[in-house]
Amino acid sequence: MNARIRVLVVEDSLTIRKYLCEVLASDPQFEVVGEAEDGKRAIELCLALRPQVITMDMMMPLMTGLSATEYIMAHCPTPILIVSSSTNRGDLFKTYDALAAGAVDVLDKPSGEEADEQWERKLISTVRLVSRIPVITHPRARLAGYNRQDALTDINAPFSLNGARRFQVIGMGASTGGPGAIVDVLRALPSDFALPILLVLHIGEPFGEAFADWLDGQSEHAVCYAKDGLSVAQMGGRVVMAPSDWHMTVQSGKIRLSKDAERHSCRPSVDVLFESLAVEYRENAVACLLTGMGRDGAAGMLAMRRAGASTIAQDEASCVVYGMPREAVLLGAVERSLPLREIGPNLAAIVGQAAAEERK
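Residues in the sequence shown are numbered from 37 upward in steps of one, following my numbering.
Written out as structure tokens, the structure is:
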């Protein structure tokens, strides 16, 4: 029999903490090895017990969940699932800070609007998924019938501009581990970077509602939520983010939002955005696919590469979860696979190279 998954539950409310422990202990795959009522105690128990996964509340006495997350990820890296009911702007910002500091995912506490059994199943499945992330961060991509050499063809070759290009837009997608990765890319771009970046991030409500406002304060690049009918050409160097539960596409130079069917259980979907950019901009676009669970974005990136666009994916070693970029590599959609720290400078370089060629 496989060893049970060791869980540390961190929550200042005794009632909620006991409830979380009972739900997790009811599943034979889990063993609740410790409980903490504040961030300081969470750090002590993490160091002493070495759990495989932590559920972390955000707002606690003595030391917040954010401070505890920052310490744990620096000194005793452990997969952390934020379990929070905070929905005001300040508390949401702390949740985003924790995700950027290395927490893997976030789950809202039960609201009373859904059946207890439904929320309990969601908690169990999410904790199970988060606990596995260290294992799947660096998969070796061994698949039956998969020719690794074919998929990696030209993956680290210099970019070829295939004649004159006039880059007009960058499409970017991310999921699990995305908040921190997006911040790193934006901070690495020069302050005068002039291309609009259309961003899709998988982050559920209620936690997605203020993310663009938080991201706006993390770098020199302005960030806003997309609105139907916005002209992409007039966005300049802004980051335009798809709102939660809305697909974002570009048609005739304008952003369009829709409630079309989910893709890969996602709305917004990276594939939906990328496929529209392949049609709208062809070789005059760049696709960037960052860390994330699942396969959303891979097929769309392939469509963009076939249309002549430049395509960049975050490499295996720097991903929190090497899922979405891996799927793109397997499809042969990736022109270059890069460490996170190199993606921003490379985006700036290829856009600058194209602009220089155009001026000749």
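Ideal Cβ positions, reconstructed from N, Cα and C, are used throughout, including at glycine. A quick note: this is a predicted structure, and the numbers were derived from the prediction, not measured.
Between which two residues does the beta strand (DSSP E) holding residue i run?
i    : result
C260 : 259-261
Q42  : It should be pointed out that residue 42 corresponds to Arg in this sequence rather than to Gln. Taken as a continuous stretch (DSSP letters only), the beta strand (DSSP E) holding R42 covers 41-46.
F203 : Run containing F203: none; DSSP gives neither H nor E here.
R399 : In the structure displayed, the chain extends from 37 to 396; residue 399 sits before or after that span and is not available.
M95  : Where M95 is concerned, there is no enclosing beta strand (DSSP E), given that its DSSP letter is neither H nor E.
K427 : Residue 427 lies beyond the range of the chain shown here (37 to 396); nothing can be said about it.
V142 : 141-144
R372 : 372-374
L313 : Unbroken run through L313 is the alpha helix (DSSP H), 306-317; no beta strand (DSSP E).
According to the neighbour-count rule (16 or more other Cβ atoms, all chains shown, within 10 Å of its Cβ), is residue i buried or exposed?
i    : result
P215 : buried
V315 : exposed
P113 : exposed
P375 : exposed
A339 : buried
L83  : exposed
A139 : buried
Taking only the alpha-carbon atoms, compute the straight-line gap between residue i and residue j and give it to the nearest angstrom.
i    : j    : result
V43  : G388 : 48 Å
A369 : A278 : 23 Å
I116 : L60  : 15 Å
V68  : G101 : 19 Å
A39  : Q65  : 8 Å
L81  : G70  : 7 Å
Y107 : I41  : 22 Å
L235 : S346 : 16 Å
M271 : C302 : 25 Å
V221 : S211 : 14 Å
I90  : V45  : 6 Å
A193 : R342 : Caution applies to A193, whose pLDDT of 43 falls short of 50 and renders its modelled position unreliable; the model cannot decide the point.
Under the criterion of a Cβ to heavy atom distance below 7 Å, does residue i qualify as lining the ligand COA?
i    : result
S305 : For the structure depicted, the ligand COA is absent and the ligand set is empty, with no information on it obtainable.
In terms of residue numbering, what span does the alpha helix (DSSP H) encompassing residue i cover?
i    : result
K130 : 125-137
C355 : Careful: C355 lies outside any alpha helix (DSSP H) and carries neither H nor E.
D249 : 247-252
H111 : 101-111
Q154 : 152-167
R331 : Note, R331: premise wrong, no alpha helix (DSSP H); not H, not E.
G289 : G289 -> no alpha helix (DSSP H), and no H or E assigned at all.
Do you know whose CA, among the options, lies nearest residue i's CA?
i    : options                : result
M92  : L159, V365, E153, Q254 : L159
D351 : A335, A339, A345, G328 : G328
A384 : D228, K76, T100        : D228
Y132 : E156, P226, R40, G240  : G240
F243 : A110, R362, G126       : G126
R77  : H257, A230, L98        : L98
D141 : H238, R202, W155, M337 : H238
E298 : V306, I291, Y317       : V306
G344 : K290, E371, V365       : E371
M94  : A72, Q88, L85          : A72
V259 : S267, G273, D63, L293  : G273
K145 : M96, V119, D152        : V119
_When you compare the region 203-218 with the region 317-325, are there three or more beta-carbon pairs, one atom per stretch, that lie closer than 8 Å?_
yes
*At a cut of 8 Å, does the region 156-165 reach the region 275-282 through at least three beta carbon pairs?*
no
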